[in-house]
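Residue numbers (our numbering): 384 to 563.
Backbone N, C-alpha and C define an ideal beta-carbon position, used for all residues, glycine too.
For reference, the structure is listed below as structure tokens.
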């Protein structure tokens with residue numbers, strides 16, 4: 384692995400890029416179940432007076448919320464963990480039938496270096512499950528890929544009334560460890 388030259392290559396703040404790209408895409412609603420991988424975007428959304436940030440009790444609520452936001456003429460995004468994708472499978476039929484833009488940003492678990500075995504089944508099935516429900520997916524494992532991939536997903540969702548998800552790989556987020 385090559386070392387990064389700190390003087391010529393500044394670190395990419397991919398977590399702030401998530402919020403920046405959503406804001407640039409005209410997102411006015413950020414709905415989420417709290418997650419450490421999304422903490423920066425959530426904090427920035429909560430601090431922004433032009434964004435409605437909504438804490439969900441379960442991820443599938445976000446799909447209905449975003450359908451309503453779109454009917455009201457506004458764009459939104461759902462931030463969740465891969466384990467929450469399993470909760471959304473049946474509710475994704477709403478987007479298939481109603482054809483509204485659905486943009487999701489999914490932090491992966493059950494991926495590289497997972498410490499919690501309960502996360503593995505859904506983490507390994509997340510992308511396939513989304514694809515089976517008609518969701519187009521892209522995966523970012525490098526900080527430099529987050530902004531362009533999210534921009535592309537937002538463009539396809541909002542300009543094509545499509546269901547799109549950016550998966551943020553666990554290598555990007557970093558290895559989690561049990562806290563003792």
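CA-to-CA distance, residue j to residue i, given in whole angstroms
i: residue 385; j: residue 526; result: Bear in mind that the predicted position of residue 385 carries a pLDDT of just 38, short of 50, making it too unreliable to give a figure here.
i: residue 440; j: residue 414; result: 10 Å
i: residue 491; j: residue 455; result: 31 Å
i: residue 395; j: residue 401; result: 11 Å
i: residue 418; j: residue 460; result: 15 Å
i: residue 464; j: residue 431; result: 23 Å
i: residue 487; j: residue 399; result: 16 Å
i: residue 474; j: residue 457; result: 20 Å
i: residue 559; j: residue 429; result: 25 Å
Residue i, enclosing beta strand (DSSP E) - first and last residue
i: residue 490; result: 485-490
i: residue 521; result: 519-523
i: residue 548; result: 546-551
Extent of the continuous alpha helix (DSSP H) run through residue i
i: residue 413; result: Careful: residue 413 lies outside any alpha helix (DSSP H), inside the beta strand (DSSP E) at 410-415.
i: residue 528; result: 526-543
i: residue 505; result: 503-515
Expected contact under 8 Å - CB spacing of residue i and residue j to nearest Å
i: residue 530; j: residue 410; result: With a Cβ gap of about 14 Å, residue 530 and residue 410 do not count as contacting.
- Could you pull out every unbroken alpha helix (DSSP H) segment of at least 4 residues lying fully inside the stretch 417-461, listed in chain order? 422-430 and 443-454
- Does the stretch 441-461 come close enough to the stretch 500-509 to have 3 or more Cβ pairs within less than 8 Å? Contact between the stretch 441-461 and the stretch 500-509 is absent, because fewer than three Cβ pairs lie under 8 Å.
- Quick check: the stretch 539-555 against the stretch 493-501, are there 3 or more CB pairs under 8 Å? yes
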